[in-house]
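Q:
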Amino acid sequence: TANDIQKPDTDYRQYRAITLPNKMQALLIHDPKTEKAAACLAVKVGSMFDPPQYQGIAHFLEHMLFLGTEKYPEEDSYNKYLAQNGGRSNAFTSDTNTVYFFTVNSGALDGALDRFSYFFKEPLFTQSATDREVQAVNSENSKNLQADVWRMMQLERELVFNKEHPSYHFGTGNKDTLKQIPREALLNFHNKW
1 TANDIQKPDT
11 DYRQYRAITL
21 PNKMQALLIH
31 DPKTEKAAAC
41 LAVKVGSMFD
51 PPQYQGIAHF
61 LEHMLFLGTE
71 KYPEEDSYNK
81 YLAQNGGRSN
91 AFTSDTNTVY
101 FFTVNSGALD
111 GALDRFSYFF
121 KEPLFTQSAT
131 DREVQAVNSE
141 NSKNLQADVW
151 RMMQLERELV
161 FNKEHPSYHF
171 GTGNKDTLKQ
181 IPREALLNFH
191 NKW
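For what it's worth, the UniProt record's numbering labels the leading residue of the sequence shown as 1, then goes sequentially.
#1: Please report how far the alpha carbon of GLY46 lies from the alpha carbon of LEU28, in whole angstroms.
#2: With three or more C-beta pairs closer than 8 Å as the rule, is the stretch 49 to 59 touching the stretch 105 to 119?
#3: If PHE125 sits next to ARG183, beta carbons under 8 Å apart, how far is it from one beta carbon to the other, in whole angstroms?
#4: Could you check what DSSP says for ASN188 in three-state terms: helix, strand or coil?
#5: Please work out which residues of its chain come closer than 6 Å, Cβ to Cβ, to PRO166, disregarding the five sequence neighbours upstream and downstream, and give them in chain order.
#6: Tell me which same chain residues have a C-beta within less than 8 Å of the C-beta of HIS169, skipping the five on either side of it?
#7: DSSP has VAL99 in a bridge; who is on the other side?
#8: With three or more beta-carbon pairs closer than 8 Å as the criterion, would you say the stretch 24 to 39 touches the stretch 89 to 105?
#9: Is it buried or exposed for THR10, if we count other Cβ within 10 angstroms and need 16 for buried?
#10: Can you look up SER19 in the DSSP assignment and give me helix, strand or coil?
#11: I need the straight-line Cα distance from GLU180 to GLN154, nearest angstrom please.
#12: Report the residue from GLU70, THR172, PHE189 and TRP193 whose alpha carbon sits nearest the alpha carbon of THR93.
#13: By the three-class DSSP mapping on this structure, what secondary structure does HIS165 have?
#14: By the three-class DSSP mapping on this structure, what secondary structure does LYS143 have?
#15: I'd like the span of the beta strand (DSSP E) that includes ALA108, first residue to last.
#16: Considering only DSSP beta bridges, list what ALA26 is partnered with.
#17: Using DSSP with H/G/I as helix, E/B as strand and the rest coil, what is LYS71?
#18: Answer with buried or exposed for MET64, where buried requires no fewer than 16 other C-beta atoms within 10 angstroms of its C-beta.
#19: Nearest to ASN174 by alpha carbon, out of VAL160, TRP193 and ASN144?
#20: To the nearest angstrom, how far is it from the Cα of PHE161 to the Cα of PRO21?
Structural data, given as structure tokens:
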């Protein structure tokens, strides 16, 4: 409950923990000194949840959710709305979580939250967006291959984990692993988590 949230005496922000009807837990924070509003959603599924035959699907899904929904079908409507209202967004996929977040001018929060919520309720996953995003993820993977830290982490995974362990698998995805994922598999993965 809100009374259980401990904060320093110098913290002027107000906090409230709630549980929504769908059992989702949320922490609301009010900061009267900021002109921006923000939201973040952490989904407890990441690359370790990729089925072996669809390596990279969690990361790919992270990308695909930004590319149109039933209510807002224009692929760039979310980012356009945020940009027009002083905001921005991003997301990342780890082994165990996928995190989506945005900032926006306070007066535009309701519109941003509505668009954001439809990512998780009614994504489109159109074929044209899928084809382009496979290339985007492939480019991200190519960039990662140039980073010593990323290569070292991949080597560590291969040395530490056996081939059956979910952490051994390739989580980023590339054109070879992603082009074989049928739309139905993407929808099933989205609906499952």
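Glycine residues also receive a C-beta, built at the ideal position from the N, C-alpha and C atoms.
Predicted model, so just to flag it, every value in this text is computed and none were measured.
A: Straight from the coordinates:
#1: Computed Cα separation, rounded: 24 Å.
#2: no
#3: 6 Å
#4: helix
#5: MET48
#6: SER47, MET48, ASP50, PRO52 and GLN55
#7: ALA42 and PHE92
#8: yes
#9: Burial call: exposed.
#10: Ser is not the amino acid found at residue 19; the sequence shown has Thr there. Three-state result, THR19: strand.
#11: For the record, residue 180 in the displayed sequence is Gln; it is not Glu. Rounded to the nearest angstrom, the two C-alpha atoms are 22 Å apart.
#12: THR172
#13: Note: HIS165 maps to coil in three-state DSSP.
#14: helix
#15: No beta strand (DSSP E) holds ALA108; DSSP gives it neither H nor E.
#16: ILE18
#17: coil
#18: buried
#19: ASN144
#20: 39 Å
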